[in-house]
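Peer 1:
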Amino acid sequence: MVTKRAERLKKELDSVYEQKTCVDNELQSKIKELYALGETLHSNQTEVGKLRDEKSRLEDNLNTLLVTKRKYEQIVNDLGDQIKMEQNMVRAFKSELSSRDDDYERRQKMPQELESLRYVL
Numbered sequence: 001m002v003t004k005r006a007e008r009l010k011k012e013l014d015s016v017y018e019q020k021t022c023v024d025n026e027l028q029s030k031i032k033e034l035y036a037l038g039e040t041l042h043s044n045q046t047e048v049g050k051l052r053d054e055k056s057r058l059e060d061n062l063n064t065l066l067v068t069k070r071k072y073e074q075i076v077n078d079l080g081d082q083i084k085m086e087q088n089m090v091r092a093f094k095s096e097l098s099s100r101d102d103d104y105e106r107r108q109k110m111p112q113e114l115e116s117l118r119y120v121l
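And the structure:
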């Protein structure tokens, strides 16, 4: 009876040892998975940091471009105003020139008109 009990306890011990070995192996496997996940997490965090830096750099570049765009828009607006002002000056000059041409032509015709009036009188 003691022998049977000893054999049964030995079998139970072997079974428990086998279960412990399986659990140990599974635990080691899970530890390796966790370690790999930790490395992946660290790698991803590093990549996220790089992407944040890149995003910040691109935002700075975008802001610089927007400021530059506004400056050029102001320059274009100023040049447009200057062109309009100069066009108005050109129109005024042309009008004055046309008026002077008309006056000159009238003065050129005056001696002929006076001469023709002399003959009429």
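The sequence shown begins at 1 in the UniProt record's numbering and counts up one residue at a time. Ideal Cβ positions, reconstructed from N, Cα and C, are used throughout, including at glycine.
For Asn77 and Gln87, what's the separation of their Cα atoms in angstroms?
Peer 2: Locating residue 77 in the sequence shown gives position 77, counting from the first residue. Locating residue 87 in the sequence shown gives position 87, counting from the first residue. Going by the C-alpha atoms only, they are around 15 Å apart.
Peer 1: DSSP three-state label for Met110, please.
Peer 2: As a first step, residue 110 must be located in the sequence shown, where it is residue number 110. Met110 falls in the helix class under three-state DSSP.
Peer 1: Does DSSP put Met1 in a helix, a strand or coil?
Peer 2: Locating residue 1 in the sequence shown gives position 1, where the first residue counts as 1. Of the three classes helix, strand and coil, the one that applies to Met1 here is coil, per DSSP.
Peer 1: Have a look at Asp81 and Arg100 and give me their C-alpha separation to the nearest angstrom.
Peer 2: For the purposes of this step, residue 81 is taken as residue 81 along the sequence shown, with counting starting at 1. For the purposes of this step, residue 100 is taken as residue 100 along the sequence shown, with counting starting at 1. Spanning the two alpha carbons is a distance of roughly 28 Å.
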